[in-house]
């Protein structure tokens, strides 16, 4: 067996935290702390140093997925391990975001929990698998994808390639048989989660000098009426349909607003961003149309609804029961029996499951610490997750899904 000190996830995580890979979330930005480029370079360097196959596939200018693969002689199945490279922005953080600090059994820094901890654990387990080559292991593909926090460019590009006649991925040309997605789950198994449909809604008006406001049409006043309607709709929505037994109710929220050009000009435009959380079984475009129709019935002026910039499906638990049971057995052997749960947030798992591949979400860390001002992860969980990823891939030959 290999020397485990060579694949300890803790020093890997410290390196990952120290390399900014901030997703600007649609904002106009400049500077090398944004996007995944520097982290992609480090990941490639790690794979090359450990003589692991490496493929970099650009999904947008300057943004790329990094893929590696371990083939096992005679293996009939392929497991995908996926973790994303990007983090949310660092606004409002009370700790240095890119200076990993180890204290009281935790490591602090942006991305430590979401999801560089999971990425470090997968990378450490994958590297050890390549060293040990356990007998009977399946093929294992490690995908380190870009842009999870905004529009899911990376996973969409990878999943979409499996339907192309000529896949753009040399190391993963065909769809895997199952997938484990790294997100902070407290070492429990997520088998279901909500999706999200996000779009911008615009009101228009007529600009004029603010000293004579009656000569214009105030788009912000119009938006105020829209917001009142949406607040009422959001209060009605959770009880308007059955909640999912694992994921909870459907919800709607307005998270951003902007409008106007100057205080002395009656504004001719205002825009909001709407976030509609989608339950398993709901259609992302259909729920958007419900909102459009509800507003149309209540308002006497026209609205502009942009096309969705996020259309993330929900994850149901119809396909992943066998995979969850198999992974549960591995987890139990390392830390005790896990919970099988649903969560209200979204992950890459739904993108993979949408084309019929059993997928679950599993990783170290607590979602309550994700995106926070002092983000951290427990080091003990980091190391236990690494062992679980390794043992799951090494100690089995096949998963029967149901």
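In this note's numbering, the protein residues as written are 84 to 485. Cβ atoms here follow ideal geometry from the backbone N, Cα and C, with glycine treated the same way.
Less than 8 Å between the beta carbons of residue i and residue j, yes or no?
i           : j           : result
residue 366 : residue 275 : no
residue 227 : residue 148 : yes
residue 279 : residue 361 : yes
residue 190 : residue 198 : no
residue 259 : residue 440 : yes
residue 444 : residue 432 : yes
residue 460 : residue 414 : no
residue 196 : residue 458 : yes
residue 469 : residue 92  : yes
residue 386 : residue 378 : yes
residue 316 : residue 335 : yes
residue 427 : residue 204 : no
residue 281 : residue 375 : no
residue 95  : residue 272 : no
residue 320 : residue 302 : no
residue 247 : residue 237 : no
residue 202 : residue 290 : no
residue 241 : residue 151 : no
Measure from the alpha carbon of residue i to the alpha carbon of each residue in the options, then state which is nearest.
i           : options               : result
residue 451 : 194, 385 and 304      : 194
residue 473 : 211, 283, 102 and 155 : 211
residue 224 : 247, 263 and 237      : 263
residue 416 : 383, 310, 397 and 270 : 270
residue 69  : 337, 330 and 328      : No answer is possible for residue 69: it lies beyond the span of the chain, which begins at 84 and ends at 485.
residue 383 : 370, 309, 438 and 455 : 309
residue 173 : 213, 105, 122 and 342 : 105
residue 160 : 261, 109 and 134      : 261
residue 342 : 331, 327 and 305      : 305
residue 127 : 168, 144 and 97       : 168
For chain D, check one thing: does any of its Cβ atoms lie closer than 8 Å to the Cβ of residue i?
i           : result
residue 101 : No chain D appears in this structure, which consists of one protein chain only.
Which residues share a DSSP beta bridge with residue i?
i           : result
residue 327 : 331
residue 276 : 398 and 426
residue 292 : 348
residue 336 : 358
residue 341 : 354
residue 417 : According to DSSP, residue 417 bridges with nothing at all.
residue 285 : 354 and 387
residue 105 : 117 and 170
Within the continuous beta strand (DSSP E) that includes residue i, where are the two ends?
i           : result
residue 245 : Looking at the DSSP string, residue 245 is not in any beta strand (DSSP E), and its letter there is neither H nor E.
residue 258 : Element bounds for residue 258: n/a, residue is neither H nor E.
residue 269 : Taken as a continuous stretch (DSSP letters only), residue 269 belongs to no beta strand (DSSP E), as it is neither H nor E.
residue 113 : Looking at the DSSP string, residue 113 is not in any beta strand (DSSP E), and its letter there is neither H nor E.
residue 435 : No beta strand (DSSP E) contains residue 435, which is instead part of the alpha helix (DSSP H) from 432 to 436.
residue 226 : 222 to 228
residue 443 : 442 to 444
Let's see if you can read the secondary structure: which residues bound the alpha helix (DSSP H) around residue i?
i           : result
residue 306 : 302 to 319
residue 365 : Looking at the DSSP string, residue 365 is not in any alpha helix (DSSP H), and its letter there is neither H nor E.
residue 462 : 462 to 477
residue 450 : Premise fails: residue 450 is in no alpha helix (DSSP H) and is neither H nor E.
residue 100 : 92 to 101
### Query
Hey, which unbroken runs of the beta strand (DSSP E) at 3 residues or more fall wholly within the region 117 to 202?
Those beta strand (DSSP E) runs which fall completely within the region 117 to 202 and span 3+ residues are 138 to 143, 146 to 153, 161 to 167, 184 to 186 and 189 to 191.
### Task
List in chain order: all unbroken beta strand (DSSP E) runs of 3+ residues lying wholly within the region 373 to 403.
Segments of the beta strand (DSSP E) lying fully in the region 373 to 403: 393 to 395.
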